[in-house]
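Read the structure below first, then the notes.
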Amino acid sequence: MDVNEAIYGRRSTRDFTAQAVDDETIRRLIDAAVHAPSASNGQPWTFTVVRDQSLLDRISQDAKSHMLATLPDGPQSARYRTQLSDANFQIFYHAPVLILISGIAQGPWVAEDCALAAENLMLAAYGVGLGTCWIGFAQRFLNTAEGKNALGLPAISVPVAPIIVGHPKTETAPAPRKEPQIRWVG
2 MDVNEAIYGR RSTRDFTAQA VDDETIRRLI DAAVHAPSAS NGQPWTFTVV
52 RDQSLLDRIS QDAKSHMLAT LPDGPQSARY RTQLSDANFQ IFYHAPVLIL
102 ISGIAQGPWV AEDCALAAEN LMLAAYGVGL GTCWIGFAQR FLNTAEGKNA
152 LGLPAISVPV APIIVGHPKT ETAPAPRKEP QIRWVG
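With this note's numbering applied, the sequence shown covers 2 to 187.
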């Protein structure tokens, strides 16, 4: 697949089949992720693969509670509160696998490095017909001691990118894009 086809075709997927994602495919996605650039080639990432649906359900409940307790006011707050208060809403959308990309330790560019790895992973997933979605609702909770403990992460770990992966039930329609604001200097 052409890289531009992947960039323009990838969408956030929130509706998955129950079909599992095999180990070989997960390893290929992680291999694509580790080929991302990183500051000073530090490669400060680790990958936690979670398939246990009961664990994902428990983390979803805990993350929703955490988000409701800490959600700042903003333009999306009311919508998020409604969504997070829904007992039937599972933040991982019952995807068959979660791949959490974490930084090994605190550092000035750990978040950026892990985000670059996440984008590579998501584009590679699209290239093999899989859907992905970065689950922002999980980030804050997974960065707490309780969240790290739920996944057996070391205290120094910095969870950055919780990416769900699976086989999409349907094709996701493209979202409209705003015209970019470009400033030419010089």
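We put the beta carbon where it would ideally sit given N, CA and C, even for glycine. The model shown is predicted, which means the values in this text are computed figures rather than measured ones.
Host beta strand (DSSP E) of residue i (start-end)
i: residue 18; result: Looking at the DSSP string, residue 18 is not in any beta strand (DSSP E), and its letter there is neither H nor E.
i: residue 142; result: Residue 142 -> not in any beta strand (DSSP E); alpha helix (DSSP H) instead, spanning 137-143.
i: residue 167; result: 159-167
Separation of residue j from residue i, as counted between CA atoms
i: residue 1; j: residue 72; result: The question about residue 1 has no answer, for the chain in this structure spans 2 to 187.
i: residue 42; j: residue 88; result: 43 Å
i: residue 51; j: residue 5; result: 30 Å
i: residue 169; j: residue 147; result: 31 Å
i: residue 32; j: residue 18; result: 24 Å
i: residue 178; j: residue 10; result: 13 Å
i: residue 8; j: residue 74; result: 32 Å
Residue range of the alpha helix (DSSP H) that includes residue i
i: residue 148; result: 146-151
i: residue 4; result: 4-10
Cβ shell of residue i (< 7 Å), same chain only, five flanking positions each side left out
i: residue 92; result: 61, 64, 65, 136, 138, 139
Same chain only: Cβ atoms within 6 Å of residue i, ignoring 5 sequence neighbours per side
i: residue 115; result: 46, 102, 104, 161, 162
Distance CB(residue i)-CB(residue j) smaller than 8 Å
i: residue 36; j: residue 141; result: no
i: residue 127; j: residue 15; result: no
i: residue 100; j: residue 122; result: yes
i: residue 171; j: residue 12; result: no
Own chain partners of residue i with C-beta closer than 8 Å, once the 5 adjacent residues on each side are dropped
i: residue 29; result: 125, 129
i: residue 117; result: 37, 38, 39
Worksheet item: Enumerated in chain order, which unbroken segments of the alpha helix (DSSP H) with a length of 4 residues or greater are wholly contained in the region 99-136?
Response: 111-128
Item to complete: Quick one: which unbroken alpha helix (DSSP H) runs of 4-plus residues sit fully inside the region 41-103? Chain order, please.
Response: 54-71, 78-86
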